[in-house]
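> In my numbering, the protein residues as written are 390 to 834.
#1: Once the 5 residues before and after residue 440 are set aside, which same chain residues still bring their CB inside 7 Å of it?
#2: Are at least three pairs of beta-carbons, each pair with one atom in the region 578-586 and one in the region 536-548, less than 8 Å apart?
#3: For residue 543 and residue 528, which I take to be in contact (beta-carbon distance under 8 Å), what is that distance rounded to the nearest angstrom?
#4: State whether the region 699-710 contacts the region 666-678, with contact taken as three or more CB pairs (one from each stretch) at a distance under 8 Å.
#5: Determine the burial state of residue 728: buried for a count of at least 16 other Cβ atoms within 10 Å of its Cβ, exposed for fewer.
#6: Per DSSP, what kind of secondary structure is residue 728 in: helix, strand or coil?
#7: When the Cα atoms are used, what is the spatial distance from residue 690 to residue 779?
#8: At which residues does the alpha helix (DSSP H) containing residue 838 begin and terminate?
#9: Between the region 498-507 and the region 566-575, do at least 3 Cβ pairs fall closer than 8 Å?
#10: Around the C-beta of residue 474, are 16 or more other C-beta atoms found within 10 angstroms, so that it is buried, or is it exposed?
#11: In this structure, how does DSSP classify residue 469 when only helix, strand and coil are distinguished?
#12: Three or more beta-carbon pairs under 8 Å between the region 748-766 and the region 699-719, yes or no?
#13: Taking only the alpha-carbon atoms, compute the straight-line gap between residue 538 and residue 679 and give it to the nearest angstrom.
#14: Based on Cα-Cα distance, which residue from 493, 733 and 454 lies nearest to residue 468?
#15: Please return the same chain residues whose Cβ sits closer than 8 Å to the Cβ of residue 769, not counting the five positions on each side in sequence.
#16: Rank 711, 490, 814 and 557 by C-alpha distance to the C-alpha of residue 620 and give the top, closest one.
#17: Below 7 Å CB to CB, which residues in the same chain sit around residue 733 once its five sequence neighbours on both sides are set aside?
#18: Per the DSSP calculation, residue 777 is bridged to which residue(s)?
#19: With respect to the beta strand (DSSP E) encompassing residue 708, which residues constitute its N-terminal and C-terminal limits?
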């Protein structure tokens with residue numbers, strides 16, 4: 390699929406494309422054996438480099454010709470390691486990394502990315518009159534994303550400079566809808582909804598909807614989201630979800646994307662209440678509800694006892710998230726709870742987590758945590774018959790049913806902010822109604 394990058398002025402040499410790939414030959418670099426696969430190709434000539442530049446001569450190559458090396462990043466690779474494994478001296482590698490930090494965080498490097506290095510030849514003056522050459526590291530480039538390319542190149546003074554190119558993408562709205570039979574995931578997949586879009590829908594509704602227990606046969610979904618295209622009309626990637634709705638047991642629940650005056654973007658219902666709630670109902674992803682709030686026959690004690698929380702079965706070691714922003718009130722052993730954490734969220738609400746196998750290292754009393762932050766890991770400590778999380782919501786000091794409590798929205802729009810939001814809702818509704826049948830989603834996964 391073609392990709393075109395646009396920038397003012399001439400591009401530096403490291404953004405040039407090699408048109409002829411027929412001359413590519415795989416080369417084994419036995420002297421330093423890089424951990425990642427490499428390909429060498431001929432490269433365009435460059436200006437001479439002054440004699441103070443550090444250089445090296447790679448083996449198994451014609452040293453008098455410029456060349457390019459493309460390396461595919463493997464899991465665990467670092468930019469520093471890739472550069473030094475390619476024979477670049479540590480000082481030069483660090484200079485290049487320092488330069489690229491102006492446009493890219495090297496810690497964001499991930500498996501599957503491709504890094505292109507270029508080298509130019511230079512006569513080795515220490516060769517005792519022989520026509521020996523050495524190669525000089527010239528540039529590095531990589532794609533930070535589908536529409537963002539970054540790199541560094543060596544200037545005439547021998548110093549490295551950073552460069553980035555961002556291409557402008559055209560946004561087009563598309564939509565999908567469907568009837569749910571087995572699950573939302575299956576229904577969305579049948580209608581061609583991309584995984585990234587489905588994940589955003591699930592995340593937005595997760596505060597109000599239990600996707601394992603609330604979804605019924607013949608419920609339905611709708612979604613409108615952006616598709617991003619290049620100037621040739623080629624699809625590049627999916628953009629933002631602008632609107633989504635679930636109809637569960639006949640009740641329609643629409644939400645709309647809105648960026649408020651503080652620059653924060655969230656989903657809101659038609660009343661201007663954020664879809665994000667102050668507390669999560671399920672602090673373990675993918676957990677299975679195995680015991681509800683209320684009286685039950687205790688599995689160990691053998692008699693009927695009030696169960697003042699809910700139990701979620703999950704594998705030992707599954708991460709447990711803070712249900713909301715707050716301060717750790719307790720992190721330690723607590724009788725039958727075993728390893729236990731309690732978070733005070735505000736003057737009204739607290740949450741408690743029992744039977745943990747261990748705590749996250751940074752968790753301690755008095756520490757502030759954010760909603761969704763990992764606080765510990767599922768276990769079976771204390772009075773427990775198997776790996777699970779015991780979860781409680783406490784309101785004004787009394788334990789309440791986490792599954793039935795109506796949780797407050799994180800934010801509620803008012804006054805002029807609400808007026809602006811309602812105008813945005815009307816615009817989204819109008820655009821959704823005007824989308825032609827031809828804009829209905831075709832799978833791009």
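For glycine and all other residues, C-beta sits at the position ideal for the given N, C-alpha and C.
Taking the definition as stated:
#1: At residue 440 the pLDDT is 42, less than 50, meaning the model places this residue with poor confidence; the figure from the coordinates comes in the next sentence. Once the five neighbours on either side are set aside, residue 440 has no close Cβ partner at all.
#2: No, the region 578-586 is not in contact with the region 536-548.
#3: The Cβ separation is near 7 Å, so the contact holds.
#4: Touching, yes, given that three or more Cβ pairs across the two stretches are closer than 8 Å.
#5: Burial state of residue 728 is buried, judged by a 10 Å Cβ sphere holding 16 or more other Cβ atoms.
#6: In this structure, residue 728 counts as strand in the three-state DSSP scheme.
#7: Because the pLDDT of residue 690 is 49, which lies under 50, any placement of that residue in the model is unreliable, and the number read from its coordinates should be weighed accordingly. Roughly 17 Å separates the two Cα atoms.
#8: This structure leaves residue 838 out entirely; the chain is present only between 390 and 834.
#9: Output reads no: the region 566-575 does not touch the region 498-507.
#10: Around the beta carbon of residue 474, 16 or more other beta carbons lie within 10 angstroms, which makes this residue buried.
#11: Helix.
#12: Flag = yes, the region 748-766 and the region 699-719 touch.
#13: Their backbone Cα atoms lie some 48 Å apart in a straight line.
#14: Out of 493, 733 and 454, 493 has the C-alpha closest to the C-alpha of residue 468.
#15: Taking C-beta separations shorter than 8 Å and ignoring five residues to either side along the sequence, the partners of residue 769 in its chain run 705, 727, 744, 746, 775, 776 and 777, following chain order.
#16: Cα-wise, what sits closest to residue 620 is 557.
#17: So the list reads 715, 716, 718 and 739, once near-sequence residues are dropped.
#18: Its beta-bridge partners are 702 and 768.
#19: First-last of the beta strand (DSSP E) with residue 708: 708-710.
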